[in-house]
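Below: the structure, in structure tokens.
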Amino acid sequence: MNKTSTIAIACGVAAGVALLGKGRPATCSTKQTHIDTARTFNRSSALLALSVLADSAMEHYRGSFDNPAMYTPLIVSVASLIAGMHGGRDVEPERHPVRNSVYVSAALAGVAGTGFHLYNITKRPGRLSWHNFFYAAPVGAPMALLLSGALGAVAERLRDEPAHEPRLFGMPAGQALALLTSAGIIGTVGEVALLHFRGAFQNPAMYAPVVVPPVAAALLLQTALGAPQPRWFTRLWLRMTTALGFIGVGFHARGIARNRGGWRNWSQNLFNGPPLPAPPSFSALALAGLAALRLRETER
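Next up, the structure:
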């Protein structure tokens, strides 16, 4: 492992550790817990938006922005990133109408993007074939923008009447959000498994993102379906999943460095190597899982 890769992995670990501390409630009051949880969802939404922004900018640039609609995820993810950063610092106990509108737009853009990517796959020879799933527009990528918008919208919903127990989809909010986050993690694992299978799992570390996050998803499912109670092991595993996302950036940086010319030839190797912005998606969803767990533990 060269010096650049070592520094990247170390920075990933440090960033993960820094974000892990945000999963703890600042106070035991119900109102403050809901506001703190909303801020965590804002941060999670921002991190997902950043991942989408960097990834879509690279991939759509590779596609020469052949369709004007390819600019949409860049514009929407920038707006969602700004909204998430603003919401992460906002301690006001009420929904912010501008942020909420941005989040809803991001979710709708994610749905539309999924449709465009499916169309891109089905119009190719072979249609729904493994080759097209490997090399055509990634069908799961726009879903990250949908999740960014959904998590942000949830954050704004939690700010309404924070002194009361919120409900989503007819369920206690913590239960509903644990289910949502669990599903988001499973969807992300599916996308990663497909790409790592394409890479023949040539590095044993490539198994980590298809082994660790599914356990986190299962633990969140157990949290949603079980009785509200402290779950220290689930919290520990979610923190490990958060760290895994940042460590993955280091491994992807190492993969880029191993290409001919390394980082000196970054303009080519960033496109040929493993996608640098992808791993933090796990960190964002694990942070959302920690927030859902915090809510679920306080529900009656």
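Just so we're on the same page, the numbering used here is the position in the sequence shown counted from 1, plus 1226.
Don't be surprised by glycine CBs; every beta carbon is placed ideally from N, CA and C.
Distance check for residue j and residue i, CA to CA, integer angstroms please.
{"i": "A1431", "j": "G1481", "result": "12 Å"}
{"i": "I1412", "j": "G1487", "result": "35 Å"}
{"i": "G1310", "j": "L1334", "result": "17 Å"}
{"i": "R1353", "j": "F1359", "result": "9 Å"}
{"i": "R1465", "j": "A1512", "result": "7 Å"}
{"i": "L1273", "j": "R1265", "result": "12 Å"}
{"i": "A1283", "j": "Y1297", "result": "8 Å"}
{"i": "I1235", "j": "P1501", "result": "Because the pLDDT of I1235 is 45, which lies under 50, any placement of that residue in the model is unreliable, and the number read from its coordinates should be weighed accordingly. Each residue's alpha carbon lies about 15 Å from the other."}
{"i": "Q1448", "j": "W1489", "result": "43 Å"}
{"i": "L1451", "j": "L1276", "result": "31 Å"}
{"i": "G1338", "j": "V1436", "result": "Position check: residue 1338 holds Ala in this sequence, whereas Gly was assumed. Rounded to whole angstroms, A1338 to V1436 spans 27 Å at the Cα level."}
{"i": "A1363", "j": "H1390", "result": "43 Å"}
{"i": "Q1401", "j": "G1515", "result": "11 Å"}
{"i": "L1519", "j": "L1446", "result": "8 Å"}
{"i": "T1263", "j": "G1471", "result": "21 Å"}
{"i": "E1318", "j": "R1385", "result": "8 Å"}
{"i": "T1256", "j": "L1420", "result": "42 Å"}
{"i": "Y1433", "j": "G1289", "result": "29 Å"}
{"i": "G1341", "j": "L1371", "result": "13 Å"}
{"i": "S1199", "j": "D1292", "result": "Nothing about residue 1199 can be read from this structure; the chain reaches only from 1227 to 1526."}
{"i": "V1441", "j": "P1506", "result": "17 Å"}
{"i": "V1418", "j": "R1424", "result": "10 Å"}
{"i": "V1365", "j": "H1343", "result": "5 Å"}
{"i": "V1380", "j": "D1281", "result": "24 Å"}
{"i": "G1499", "j": "V1278", "result": "17 Å"}
{"i": "S1271", "j": "E1382", "result": "11 Å"}
{"i": "V1438", "j": "T1467", "result": "7 Å"}
{"i": "N1429", "j": "H1357", "result": "22 Å"}
{"i": "R1484", "j": "F1497", "result": "13 Å"}
{"i": "F1459", "j": "I1301", "result": "39 Å"}
{"i": "K1248", "j": "P1351", "result": "In this predicted model, K1248 has a pLDDT of only 42, less than 50, meaning its place in the structure is not dependable; the value taken from the coordinates is given anyway. So the two alpha carbons sit approximately 47 Å from each other."}
{"i": "N1346", "j": "N1491", "result": "30 Å"}
{"i": "D1316", "j": "H1286", "result": "33 Å"}
{"i": "H1312", "j": "A1517", "result": "18 Å"}
Decide if residue i is buried, meaning its Cβ has at least 16 other Cβ atoms within 10 Å, or exposed.
{"i": "A1252", "result": "Low per-residue confidence applies at A1252: pLDDT is 36, beneath 50, and the placement is therefore not dependable enough to give any value."}
{"i": "W1463", "result": "buried"}
{"i": "R1250", "result": "The predicted model places R1250 with a pLDDT of 41, which falls under 50 and marks its position as unreliable; any figure quoted below should be read in that light. R1250 should be labelled exposed."}
{"i": "T1348", "result": "exposed"}
{"i": "F1427", "result": "exposed"}
{"i": "G1396", "result": "exposed"}
{"i": "F1477", "result": "buried"}
{"i": "N1268", "result": "buried"}
{"i": "I1261", "result": "buried"}
{"i": "A1392", "result": "Residue identity differs from the one stated: residue 1392 is Pro in this sequence, not Ala. The residue in question, P1392, is buried, as its Cβ has 16 or more Cβ neighbours within 10 Å."}
{"i": "E1320", "result": "exposed"}
{"i": "S1355", "result": "exposed"}
{"i": "G1527", "result": "Absent from the model: residue 1527. The displayed extent of the chain is 1227 to 1526, so no value can be given."}
{"i": "P1503", "result": "buried"}
{"i": "S1493", "result": "exposed"}
{"i": "G1314", "result": "buried"}
{"i": "P1294", "result": "exposed"}
{"i": "R1461", "result": "buried"}
{"i": "I1473", "result": "buried"}
{"i": "I1324", "result": "Checking the sequence, you will find Val at residue 1324 rather than Ile. Looking at its Cβ environment, which holds fewer than 16 other Cβ atoms inside 10 Å, V1324 is exposed."}
{"i": "A1453", "result": "exposed"}
Please list the terminal residues of the continuous alpha helix (DSSP H) segment that includes residue i.
{"i": "A1376", "result": "1367 to 1385"}
{"i": "A1444", "result": "1438 to 1451"}
{"i": "R1315", "result": "1298 to 1315"}
{"i": "N1498", "result": "1492 to 1498"}
{"i": "A1326", "result": "In the sequence as displayed, the identity of residue 1326 is Asn instead of Ala. Counting along the chain, the alpha helix (DSSP H) containing N1326 begins and ends at 1323 to 1348."}
{"i": "R1461", "result": "1458 to 1483"}
{"i": "L1354", "result": "No alpha helix (DSSP H) contains L1354, which DSSP labels as neither H nor E."}
{"i": "E1523", "result": "1506 to 1524"}
{"i": "T1276", "result": "The question names Thr, but residue 1276 is Leu in the sequence shown. Note, L1276: alpha helix (DSSP H), 1256 to 1288."}
Can you pull the DSSP bridge partners for residue i?
{"i": "R1393", "result": "P1398"}
Legend entry - At least three beta-carbon pairs within less than 8 Å, the segment 1291 to 1309 to the segment 1328 to 1340: yes
Inset, instruction - Evaluate contact between the segment 1405 to 1419 and the segment 1364 to 1376, counting only Cβ atoms and requiring at least three cross-stretch pairs below 8 Å. - result: yes
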